[in-house]
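Going down the list, the sequences are from chains A and B. Residues in the first sequence are numbered from 24 upward in steps of one, following our numbering. Residues in the second sequence are numbered from 5 upward in steps of one, following our numbering. Working notes, structure below.
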Amino acid sequence: MKVGVIAYQGSFEEHAIQLKRAMSKLNLTGEVIAVKKPKDVDLIDGVVIPGGESTTIGIIAEKLGVLDEIKAKINAGLPVLGTCAGAIMLAKDVSDAKVGKKSQPLIGTMDIQVVRNYYGRQRESFETDLDFRVIGGGKARVVFIRAPIIKRTWNDATALISFENGIVMAEQKNMLATTFHPELSESTIVHEYFLSKIKK
Amino acid sequence: MRLYDLSFYEIEKFFYKLAELKDIISDTGLLSISPSIPQTLPAQGTVMAKHAFPIFQKGGVIMDVTNVTQAEIAENAGAVAVMVLDKLPYDVRKSGGVARMADPKIIEEVMNSITIPVMAKVRIGHYYEARVLEALGVDMIDESEVLTPADEEHHINKWEFKVPFVNGARNLGEALRRIYEGASMIRTKGEAGTGNVSEAVKHMKIMNYEISTLISLPEEDRLKKAREYQVPYQLVELVVKLKRLPIVNFAAGGIATPADAALMMWLGSDGIFVGSGIFKSQDPDQRAKAVVLAAANWEDPEIVLEAQKMISENKSMMGIDIKTLKPEELLQVRGV
Numbered sequence: 024m025k026v027g028v029i030a031y032q033g034s035f036e037e038h039a040i041q042l043k044r045a046m047s048k049l050n051l052t053g054e055v056i057a058v059k060k061p062k063d064v065d066l067i068d069g070v071v072i073p074g075g076e077s078t079t080i081g082i083i084a085e086k087l088g089v090l091d092e093i094k095a096k097i098n099a100g101l102p103v104l105g106t107c108a109g110a111i112m113l114a115k116d117v118s119d120a121k122v123g124k125k126s127q128p129l130i131g132t133m134d135i136q137v138v139r140n141y142y143g144r145q146r147e148s149f150e151t152d153l154d155f156r157v158i159g160g161g162k163a164r165v166v167f168i169r170a171p172i173i174k175r176t177w178n179d180a181t182a183l184i185s186f187e188n189g190i191v192m193a194e195q196k197n198m199l200a201t202t203f204h205p206e207l208s209e210s211t212i213v214h215e216y217f218l219s220k221i222k223k
Numbered sequence: 005m006r007l008y009d010l011s012f013y014e015i016e017k018f019f020y021k022l023a024e025l026k027d028i029i030s031d032t033g034l035l036s037i038s039p040s041i042p043q044t045l046p047a048q049g050t051v052m053a054k055h056a057f058p059i060f061q062k063g064g065v066i067m068d069v070t071n072v073t074q075a076e077i078a079e080n081a082g083a084v085a086v087m088v089l090d091k092l093p094y095d096v097r098k099s100g101g102v103a104r105m106a107d108p109k110i111i112e113e114v115m116n117s118i119t120i121p122v123m124a125k126v127r128i129g130h131y132y133e134a135r136v137l138e139a140l141g142v143d144m145i146d147e148s149e150v151l152t153p154a155d156e157e158h159h160i161n162k163w164e165f166k167v168p169f170v171n172g173a174r175n176l177g178e179a180l181r182r183i184y185e186g187a188s189m190i191r192t193k194g195e196a197g198t199g200n201v202s203e204a205v206k207h208m209k210i211m212n213y214e215i216s217t218l219i220s221l222p223e224e225d226r227l228k229k230a231r232e233y234q235v236p237y238q239l240v241e242l243v244v245k246l247k248r249l250p251i252v253n254f255a256a257g258g259i260a261t262p263a264d265a266a267l268m269m270w271l272g273s274d275g276i277f278v279g280s281g282i283f284k285s286q287d288p289d290q291r292a293k294a295v296v297l298a299a300a301n302w303e304d305p306e307i308v309l310e311a312q313k314m315i316s317e318n319k320s321m322m323g324i325d326i327k328t329l330k331p332e333e334l335l336q337v338r339g340v
């Protein structure tokens, strides 16, 4: 299998390492490739949209014609994992906790409402333990950096994991979104779960 | 995509050990001010949260701004963060006098108008400018040689803060000392406000050379190096294992064009700071967009070419040849 990581900006290297760790845990043979051009999108069986700045990733991906390409592929069933900025990119409804609605290029394929910078600024970034039983894992420590929150889901989008008053991981068919950073965690459970979606 | 042998979690475990070491030292009274970050869950301001933040800046461009209008231009161009200053480095150089942190009112205005992270600079060793910015809630503090140093001998002990710090460095020793003091991100010092990339290139090459030399040394000589750099041996070992700095390293100082940005990425930097280069040019909107495009796509000369075509060389800022600066006019030598 070939898994692509959108690699303009953000935690793309960390996702690549984590995907490789997850592959070796599951005894899968596969490759991780950087996605930067429309032609890269044709090569992959699944795609990760990393954490970073969603405005930056959106602006560059749109400029290079990758945004539309990915959107069409996701609509056709390409498995996708969006973390933090990636979750923002996937959401149909995005606003900022302080600044409100701002226009930015998005993929917008997932029936989730996301609020950017929900917990506040970097000072309010935190780490905590989450329970991953619902996807076959145990407790694992994860980090939330200037994290968004998933306020609600509709249609067949469902909440997988909640924390305090919001959803931090959601799923809809081929799409997975997390507001925390599984790529910086010791546990590879989220990436293992994502790879299992590609296998199907 | 560059891949390393260690995951973020493994690097992080090491930094927790370093932070514990700092705690032990301060508990024994060797440091005057002792850090106390409560570790209940969910935990804010942890080493993990501080080191994670710069990871999400990688591949991006951080732009110096002096007001809301400039900050909005930066955000719309795709900057990953802005650095709020009172004066751009070019103007600091021209105006002389003591350069201090920016007006908190302006920083606050910028924070309320854009969604990307907002950073600000403090003078080297100025704990209280840093405390003020932490209280204000900026996302990252730059302890910067571009401002006039407040302490000629010491840098801030950054383990004490919940807000992550970025520090400048010209070589591996400087970088490791700042990391040991708790910096979460390093940037090359370059020579700010000159529009001349040569010093940033020099510093990045020195860093690369010193890292590759370190890797080739036998263990006993690495011990010696750790003493020379005045850092724990474990930190030197971590660099050897990773074959790079253990935290995010950006290029800064003199970057003025998309090709400059791509050059610094090619030399191994994780991202770019652009100071005077954008808002001292005559085409800031286009130039900001072009530099962002080039930094993210540095492996592809055709895209860098496209970015370079978006700007016009006769609108670039007038550069200053480093050789024409007097030794006392150099900013990079402040705070080693």
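Each residue gets a CB set at the ideal place from its N, CA and C atoms; glycine is no exception. Quick caveat: nothing in here was measured; it's all calculated off a predicted structure.
If the cut is a Cβ gap below 9 angstroms, which residues of chain B does residue i touch?
i, result
"residue 23 of chain A", "In this structure chain A extends from 24 to 223, so residue 23 of chain A is not present and cannot be described."
"residue 169 of chain A", "57, 60, 121, 143"
"residue 253 of chain A", "This structure leaves residue 253 of chain A out entirely; chain A is present only between 24 and 223."
Under 8 angstroms by Cβ, that's how I've got residue i and residue j pegged, so tell me the actual separation to the nearest angstrom.
i, j, result
"residue 289 of chain B", "residue 81 of chain B", "7 angstroms"
"residue 25 of chain A", "residue 67 of chain A", "5 angstroms"
"residue 34 of chain A", "residue 60 of chain B", "6 angstroms"
"residue 211 of chain A", "residue 48 of chain A", "6 angstroms"
"residue 70 of chain A", "residue 29 of chain A", "7 angstroms"
"residue 114 of chain A", "residue 135 of chain A", "5 angstroms"
"residue 183 of chain B", "residue 239 of chain B", "7 angstroms"
"residue 57 of chain B", "residue 220 of chain B", "Not quite, the Cβ-Cβ distance comes to about 33 angstroms (not below 8 angstroms), so this is no contact."
"residue 174 of chain B", "residue 192 of chain B", "7 angstroms"
"residue 32 of chain A", "residue 63 of chain B", "4 angstroms"
Can you give me the start and stop residues for the alpha helix (DSSP H) that residue i sits inside?
i, result
"residue 185 of chain A", "Counting along the chain, residue 185 of chain A falls outside any alpha helix (DSSP H), though it belongs to the beta strand (DSSP E) covering 181-186."
"residue 89 of chain A", "89-98"
"residue 301 of chain B", "Taken as a continuous stretch (DSSP letters only), residue 301 of chain B belongs to no alpha helix (DSSP H), as it is neither H nor E."
"residue 145 of chain A", "Element bounds for residue 145 of chain A: n/a, residue is neither H nor E."
"residue 106 of chain A", "Taken as a continuous stretch (DSSP letters only), residue 106 of chain A belongs to no alpha helix (DSSP H), being part of the beta strand (DSSP E) at 103-106."
"residue 246 of chain B", "237-246"
"residue 87 of chain B", "No alpha helix (DSSP H) contains residue 87 of chain B, which is instead part of the beta strand (DSSP E) from 85-88."
"residue 217 of chain A", "212-222"
"residue 139 of chain B", "131-140"
"residue 165 of chain B", "No alpha helix (DSSP H) holds residue 165 of chain B; DSSP gives it neither H nor E."
"residue 227 of chain B", "223-233"
"residue 182 of chain B", "176-184"
"residue 117 of chain B", "108-117"
"residue 40 of chain A", "35-48"
"residue 322 of chain B", "That residue, residue 322 of chain B, is in no alpha helix (DSSP H); it is neither H nor E in DSSP."
Residues of chain A with CB closer than 9 angstroms to the CB of residue i, please, in chain order.
i, result
"residue 210 of chain B", "Under the 9 angstroms cutoff, chain A gives no residues; its nearest Cβ is about 24 angstroms from residue 210 of chain B."
"residue 5 of chain B", "28, 30, 35, 36, 39, 55, 56, 57"
List the residues of chain B that residue i touches, going by C-beta distances under 8 angstroms, in chain order.
i, result
"residue 182 of chain A", "The contacting residues do not exist; residue 182 of chain A stays about 19 angstroms from chain B at best."
Cβ closer than 7 angstroms: which chain B residues qualify as neighbours of residue i?
i, result
"residue 32 of chain A", "62, 63, 64, 84, 300"
"residue 149 of chain A", "46, 47, 48, 53"
"residue 209 of chain A", "13"
"residue 166 of chain A", "52, 53, 56"
"residue 44 of chain A", "11"
Going along chain A in order, which residues have a C-beta closer than 8 angstroms to the C-beta of residue i?
i, result
"residue 261 of chain B", "Residues of chain A passing the Cβ test: none, with the nearest at roughly 18 angstroms."
"residue 79 of chain B", "78"
Hey, quick one: how far does the beta strand (DSSP E) through residue i stretch, first residue to last?
i, result
"residue 76 of chain A", "First-last for residue 76 of chain A: undefined, no H or E at that position."
"residue 277 of chain B", "275-278"
"residue 74 of chain B", "That residue, residue 74 of chain B, is in no beta strand (DSSP E); its alpha helix (DSSP H) goes 72-81."
"residue 192 of chain B", "189-192"
"residue 27 of chain B", "Not the beta strand (DSSP E): residue 27 of chain B falls in the alpha helix (DSSP H), residues 12-31."
"residue 69 of chain B", "65-69"
"residue 217 of chain B", "First-last for residue 217 of chain B: 202-220, but that is the alpha helix (DSSP H), not the beta strand (DSSP E)."
"residue 123 of chain B", "122-127"
"residue 175 of chain A", "172-176"
Does the distance between the C-beta of residue i and the nearest non-hydrogen atom of the ligand COA fall short of 7 angstroms?
i, result
"residue 35 of chain A", "The ligand COA is absent from the structure shown, which contains no ligand whatsoever."
Taking residue i as the query, report the chain A residues whose CB atoms sit under 7 angstroms from its CB, ordered along the chain.
i, result
"residue 297 of chain B", "83, 86"
Taking DSSP's pairing of strands, which residues face residue i in a bridge?
i, result
"residue 56 of chain A", "A/27"
"residue 5 of chain A", "Chain A is shown from 24 up to 223; residue 5 of chain A falls before or after that span and cannot be answered."
"residue 164 of chain A", "A/152"
"residue 146 of chain B", "B/125, B/170"
"residue 199 of chain A", "A/104, A/194"
"residue 254 of chain B", "B/191, B/275"
Quiz prompt | Members of the segment 109-121 of chain B near chain A, C-beta cut-off 8 angstroms | solution = 115, 116, 117, 118, 119, 120, 121
Exercise. Residues of the segment 68-89 of chain A with a CB closer than 7 angstroms to any CB of chain B: list them in chain order, please.
Key: 74, 75, 76, 78, 79, 82, 83, 86
Practice problem: Using a Cβ-Cβ cut-off of less than 8 angstroms, list which residues of the segment 158-178 of chain B approach chain A; keep chain order. | Solution: 166, 167, 168
Self-check item: Residues of the segment 126-147 of chain A with Cβ closer than 8 angstroms to any Cβ of chain B, in chain order
Solution: 139, 140, 143, 144, 145, 146, 147
Quiz item: Quick one, which residues of the segment 239-273 of chain B are near chain A if we go by CB-CB under 9 angstroms, in chain order?
Solution: none
Practice problem: Using a Cβ-Cβ cut-off of less than 8 angstroms, list which residues of the segment 90-124 of chain A approach chain B; keep chain order. | Solution: 107, 108, 119, 121, 122
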